[in-house]
Amino acid sequence: MTDDLFSLLSPDGVLSDAANASVDLRGMFSDMVMSRRVDTEAIALQRQGELGLWPSMLGQEAAQVGAGRALNPRDVAFPTYREHGVAWCRGVDPVSLLGLFRGTTLGGWDPTANNFNLYTLVIGAQTLHAVGYAMGIVRDGDVGTGDPERDRAVLVFLGDGALSEGETNEAFVWAAAQNLPIVFFCQNNQWAISAPYSVQSRVPVAQRAQGFGFRGVRVDGNDVVASHAVTVEALEQARAGNGPTLIEAFTYRRNPHTTSDDDGRYREGAMTDDWTTLDPIERLRTYLTTIGTDEDFFAEVASQETELSERLRAGCRALPDPEPASSFLHTYAEMPADLERQMNDHLEYVAAGEADPA
Amino acid sequence: MTDDLFSLLSPDGVLSDAANASVDLRGMFSDMVMSRRVDTEAIALQRQGELGLWPSMLGQEAAQVGAGRALNPRDVAFPTYREHGVAWCRGVDPVSLLGLFRGTTLGGWDPTANNFNLYTLVIGAQTLHAVGYAMGIVRDGDVGTGDPERDRAVLVFLGDGALSEGETNEAFVWAAAQNLPIVFFCQNNQWAISAPYSVQSRVPVAQRAQGFGFRGVRVDGNDVVASHAVTVEALEQARAGNGPTLIEAFTYRRNPHTTSDDDGRYREGAMTDDWTTLDPIERLRTYLTTIGTDEDFFAEVASQETELSERLRAGCRALPDPEPASSFLHTYAEMPADLERQMNDHLEYVAAGEADPA
Amino acid sequence: MSTAIAHALNEGLRSVMEEDDKVLLIGEDIGRLGGVFRVTDGLQKDFGEQRVVDAPLGEAGIVGSAIGLAMAGYRPVCEIQFDGFVFPAMNQIITQLAKYRHRSEGRVSLPVVIRIPVGGGIGAIEHHSESPEAYFAHTAGLRVVSPSSAQEAYDLIRASVRSDDPVVFLEPKHNYWLKGEIDRSAAPAPIGTAKVVRPGDDLTLVTYGALVPTAVKVAAAAAEDGRSVEVIDLRSLSPIDDATIFASVERTGRLVVAHEASQTAGLGSEIVARVQDELFYSLEAPAIRVTGYDTPYPPSRLEGDWLPGLDRILDAIDRSFTY
Amino acid sequence: MSTAIAHALNEGLRSVMEEDDKVLLIGEDIGRLGGVFRVTDGLQKDFGEQRVVDAPLGEAGIVGSAIGLAMAGYRPVCEIQFDGFVFPAMNQIITQLAKYRHRSEGRVSLPVVIRIPVGGGIGAIEHHSESPEAYFAHTAGLRVVSPSSAQEAYDLIRASVRSDDPVVFLEPKHNYWLKGEIDRSAAPAPIGTAKVVRPGDDLTLVTYGALVPTAVKVAAAAAEDGRSVEVIDLRSLSPIDDATIFASVERTGRLVVAHEASQTAGLGSEIVARVQDELFYSLEAPAIRVTGYDTPYPPSRLEGDWLPGLDRILDAIDRSFTY
Ligand SMILES: Cc1ncc(C[n+]2csc(CCOP(=O)(O)OP(=O)(O)O)c2C)c(N)n1
Ligand SMILES: Cc1ncc(C[n+]2csc(CCOP(=O)(O)OP(=O)(O)O)c2C)c(N)n1
Ligand SMILES: [Mg+2]
Ligand SMILES: [Mg+2]
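Residue numbers (the numbering used here), protein chains in the order written: chain W, 151 to 508; chain A, 151 to 508; chain D, 25 to 347; chain Y, 25 to 347.
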């Protein structure tokens, strides 16, 4: 299943001449390292009981950073729950990613501040929101104008498992029929919890697009340069009014599904080991070293990592508990009378300190 | 969109040498005529107020009879609400098709008696039932044994509009991933009520299958011989364990969506007229005449038609009203106490003759 | 000039579309056909295909894309063709639309309206006569409203489109052609309130949608027996306007609630439960529900008997007075 | 040897699979992983991939294919991974599974079980703590059951698989590891009945699922105040076993119903509505509901306060006695 993958940076760190010379490889390296650090710290915080759960992105940094860096500021991203690397590229404060998994919030950031939507936990649901947003872009007239300050597109993330949900396929129908400015970026990490991709399909993810009449592209998801290049291209097509693309970034989920998962029950360590040797960060490090990148650069990244770690640990513990009233306040734009009564009852309980269930 | 249609009987009634010589063309002709007569009578009954509604199949006789006659008795068919021609081929009493549209029943026949399931009104829902049934066939071991008395398959019908429902696409996922003995037979009659196919997709129906990794076939749906041939072939593949096929029978809904619909609001008569000249029955009549078929045959069919008409008219009026208790009796296998109380209340009302709402 | 409910909705939609070009409509067959009930008749012609969108045949897609459009600053009004076809959209409605404001801690409003023709009594086939309101009313974060007259239809659709909350808008299809005068200048009641349709002193009859005209007839019939029945049109099925109901029952001491939906876990039970709790000492009789039975909707030949109507409601009133 | 609820379910499933080779399981991650709660642990190993099917990631597909399998003579048991993920299957459940017997005039039975871990209090992320029972209870044609102990779990899952009706089987995930003795030889109670878990004379406390152990604690605490509380475990959430509830409230004159689901159009309202109608003269106080609030389920840091617990139920009991 890997023959036809588009790649630019080979597993042993050789960069193809076809790669765009102007690409910021150091920036990509730094983003991958930093987002991996977010991931590692979050796992540690979970082990320490500071988070209830964490879905690790280990091994998927290239796909995410490649895609994330392809976005223009005006483009809008719709993540699943695993796009910590994309969040990083969008400039979302990584501390705010932790609240959802700490139980202090169900969201955690302002989706309009960085054009990075909230994490969606219901598999596939966000693909339709992305479609709707793309319909909005069309209606705003911000597609195919040729004006780079104006044209926009939507980049929506999904997993290989999500390809089986009806809603995802409806998103394909709408995107294709209306030729929307949208790119579907599927990280085929080969697992949906314990289900290998063969449970979902016998043909590559990207092939799905053909059936709906739009472009499908397969890329080596552990190759940040290639992941970036195909996403740049697909987003350009989308902004230009040339319709959707489905990108399959072929990669591997090296950690269990989440910190609650026990992947020893359903897969052999050997395959995970194989993919460890295909590490996306090491690949780029090799290349950067080969071309003689200054040790100072790596040292600088390392020191930023340390700083980030500290900020995450402190930030996590400092995340404020939500106000007892908050669910009541945010259910409706204006609080209905009966709900206000319920809230007041509730606040009395909380004030009396006797609300904890047995 | 019609270039690549498989055809055997041309619009002007010429039969290709490639047609299977043993095919029962007279039987096909008769089935098409008779099922059209069911349709015509039902429309008349609706006009007379005997039916609330009728979804006409006019123009789709070849697709339906071609597919219907391809079934072995042990195969199972899952229709939409328009497969009157398939019902005919399966031997379902056409009078029983009327109850649903008369309001005397929501079903009307025993789905196990003829391996012809109940009509499904929720677009796409039956595709998953068909998938499940095919999974049952696999578990029964009745696929790929090579024993023609044993191997079975499922034939599920759907419209072009149904291609946009999530559930239909989930059915494709399951059928493909599990290589099920199922054939999806889509009558692309080019309309979903008022929506032309372009609202759903820019590429042919059959292409959808490719995206999921199984066979897609396009056939001239007004050519009964070709429709039959591709369905026979697809069912054989399915029974042999070679997995699913999506057949697109390209045809045209010549009547409004149902008797309640006013198609003058959304389409020009001209296109309907064009398709009238492509009439599937006339095509086969021309061929049968060309090869010198006895006038007696046509006379015999005509007299069966008359008989059928009478039977339908009388049968429709004789359809018994359901018992007032029936909904209560059929909600659960065993009636819960509270429902029994509700039923008794209800029956008292009905007996008192005062239940009609204002 | 008197206007039918279907036309009042059409007019109401047209007026908000004129006032706010972010309002757009999405649904199956709503464009050239004007919807199977013609509620959107002529709107695509006048506002174009970008604002009146003939959707692919997928309800999840309709509601899901409306959510995305709302995120992009639009105010989409979805049409679900019939009550029985809303269920493919349930995931988007319950897990996304209803919860997004809460999830985003109030940062994101989703002003989406979902119009659904509901209710029975029109001699239709399966899935075309159902009353799914309880599913929505049980879902916090949604507003659920239903008009009962042309005036309410005009006012409520306008108010719903303007609401920053998602609104499930249930249209009593049995009464689409019921006519009434519309005052287009009056300030509409804020969404969320019930309305006393006919005042009375002896018993409170609460209902909504297509049963409101029936309830008024019931009250007239009861008046002949010397019983003064106050009829309340809920209008807002969720949240429920307790204050109006409580004030009435406190005076009358008796309550009957009627709806077409099945009884179990329906809105009638909710209202009864609230009233008996709040007004335990005021109630002179048990609060009585007159509802559809706990069966699937029957074949149309049986619907006349299955649906709660004049006689069953009158009998419930009689029963109330036996206490 | 005492058994946890999760293991009792596993045992119960194993036993029916051994007894009837038409029983099969379908769900996400139920095979090699044994389900995220390990309820199906070891079953794929022992019964093979044809009988324990790791499903593609689509809930409509899970329920829809189960319907087809049932038509083909199988008895499929579906697993929905979490409460919040059942909604993509709603169309198949409501328009097909619940209605097929009715549609076919009793000719077709669909013996499908849909297992769903439900309820909160486990510190989970969104969609993993909900209580969707009212959606199912409002849907005629479904049976809805929920066990509260290992014995009930073992008995009910077996009875549900044997039922010729579709059963929505709600597993109280908070108590999966609650242990109890199981008698495997006793004839299980027929599906559809409630159970008096602790007898009492002064007030009837009705609940189900994860709140049953809480209710027993409540009764113990109330006993210290000299109040004798009868605890009823509904077990069958639909149909409701009125007889058991009525008999109790007729004696006690007081009723409190508790559940985690939101109040509006929840099961509590239904039970209250029934009781006040049947036992108007017996009730000495309003029937009181103690439920989740009418908001979406909150972030887990707030769930302890949001969920109805010991104190809120005790307070409701106190309130009942103020009448
Ligand atoms: C509708 C729905 N069903 C089930 C789940 C439970 N679930 C959470 S993640 C997951 C697997 C997702 O796999 P994939 O789409 O490949 O994404 P990945 O986790 O690999 O990034 C499942 C089944 C869910 N979140 N939503
Ligand atoms: C889930 C659902 N949504 C909407 C409808 C209303 N509806 C009935 S038929 C129809 C069009 C179906 O078109 P197609 O699948 O092409 O079948 P055809 O009627 O052309 O045979 C629609 C939208 C429905 N029955 N089910
Ligand atoms: Mg995956
Ligand atoms: Mg069609």
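Note that CB positions come from ideal geometry on N, CA and C, so glycine has one too.
Note that the structure is a prediction, hence the values are computed from the model and not measured.
Bridge-paired residues (DSSP) for residue i
i               : result
P346 of chain W : W:W341
P141 of chain D : D:E195
A282 of chain D : D:V314
C336 of chain W : W:L308 and W:E398
P100 of chain Y : Y:L48
E254 of chain D : D:T228
K219 of chain Y : Y:D257
With 16 other Cβ atoms within 10 Å as the buried cut-off, status of residue i
i               : result
N339 of chain A : buried
Q196 of chain W : buried
K123 of chain D : buried
N372 of chain A : buried
Q287 of chain D : buried
P507 of chain A : Bear in mind that the predicted position of P507 of chain A carries a pLDDT of just 47, short of 50, making it unreliable; the figure below should be weighed with that in mind. With 16 or more other Cβ atoms within 10 Å, it is buried.
K69 of chain Y  : exposed
Y232 of chain D : buried
Q509 of chain W : With chain W represented from 151 up to 508, any question about residue 509 of chain W goes unanswered, as that position is not in the structure.
A168 of chain A : exposed
D335 of chain Y : buried
F109 of chain Y : buried
S187 of chain D : buried
Beta-carbon neighbours of residue i, restricted to chain D and to distances below 9 Å
i               : result
T255 of chain A : P323 and R325
G177 of chain A : By Cβ distance, chain D contributes nothing, its closest Cβ being about 32 Å from G177 of chain A, past 9 Å.
Proximal residues of chain Y, C-beta to C-beta of residue i below 7 Å
i               : result
A108 of chain A : This structure does not reach residue 108 of chain A, given that chain A is present from 151 up to 508, and the question cannot be answered.
Within chain D, partners of residue i - CB distance below 8 Å
i               : result
V383 of chain Y : Summary: the structure shown does not reach residue 383 of chain Y, with chain Y confined to residues 25 through 347, and so no result is reported for it.
G286 of chain W : G92, L93, M95, A96, G97 and Y98
Y283 of chain W : G92, L93, M95 and A96
Option nearest residue i by Cα separation, candidates the options
i               : options                           : result
V382 of chain W : W:R232, W:T408, W:F334 and W:Y416 : W:F334
M25 of chain D  : D:S260, D:R208, D:P214 and D:V87  : D:R208
L134 of chain D : D:G147, D:V40 and D:Q120          : D:Q120
L235 of chain D : D:D335, D:F71, D:G97 and D:A282   : D:A282
I295 of chain D : D:I256, D:L326 and D:N34          : D:I256
D53 of chain Y  : Y:E43, Y:E83, Y:A32 and Y:R325    : Y:E83
G309 of chain W : W:S160, W:V375 and W:A345         : W:A345
Q210 of chain W : W:R300, W:Q328, W:V272 and W:V183 : W:V183
S453 of chain A : A:A171, A:S180 and A:L155         : A:S180
G58 of chain Y  : W:G465, W:D412 and W:L469         : W:D412
Under 7 Å by beta carbon: chain D residues contacting residue i
i               : result
V369 of chain A : Chain D residues near V369 of chain A: none, gap ~22 Å exceeds 7 Å.
7 Å Cβ cut-off: residues of chain W touching residue i
i              : result
R56 of chain Y : S344, R415 and Y416
Beta-carbon neighbours of residue i, restricted to chain A and to distances below 8 Å
i               : result
H126 of chain Y : L256, S477, H480 and T481
Near ligand 5: residue i beta-carbon under 7 Å from a heavy atom
i               : result
W238 of chain W : Judged by which ligands are present, ligand 5 is missing from the structure shown, whose ligands are ligand 1, ligand 2, ligand 3 and ligand 4.
Chain A contact residues for residue i, given Cβ-Cβ distances below 9 Å
i               : result
A246 of chain D : Within chain A, no residue comes near A246 of chain D; the closest Cβ sits about 13 Å away, beyond 9 Å.
> When the Cβ atoms of the stretch 350-366 of chain A are set against those of the stretch 319-327 of chain A, are three or more pairs found closer than 8 Å?
Replying inline: yes
> With a cut-off of 8 Å, do at least 3 Cβ pairs link the stretch 100-112 of chain Y to the stretch 131-145 of chain Y?
Replying inline: yes
> Between the stretch 308-316 of chain Y and the stretch 328-338 of chain Y, are three or more C-beta pairs nearer than 8 Å?
Replying inline: yes
> Is the stretch 75-90 of chain Y touching the stretch 42-54 of chain Y, taking contact as three or more C-beta pairs under 8 Å?
Replying inline: yes
> When the Cβ atoms of the stretch 430-448 of chain W are set against those of the stretch 157-172 of chain W, are three or more pairs found closer than 8 Å?
Replying inline: yes
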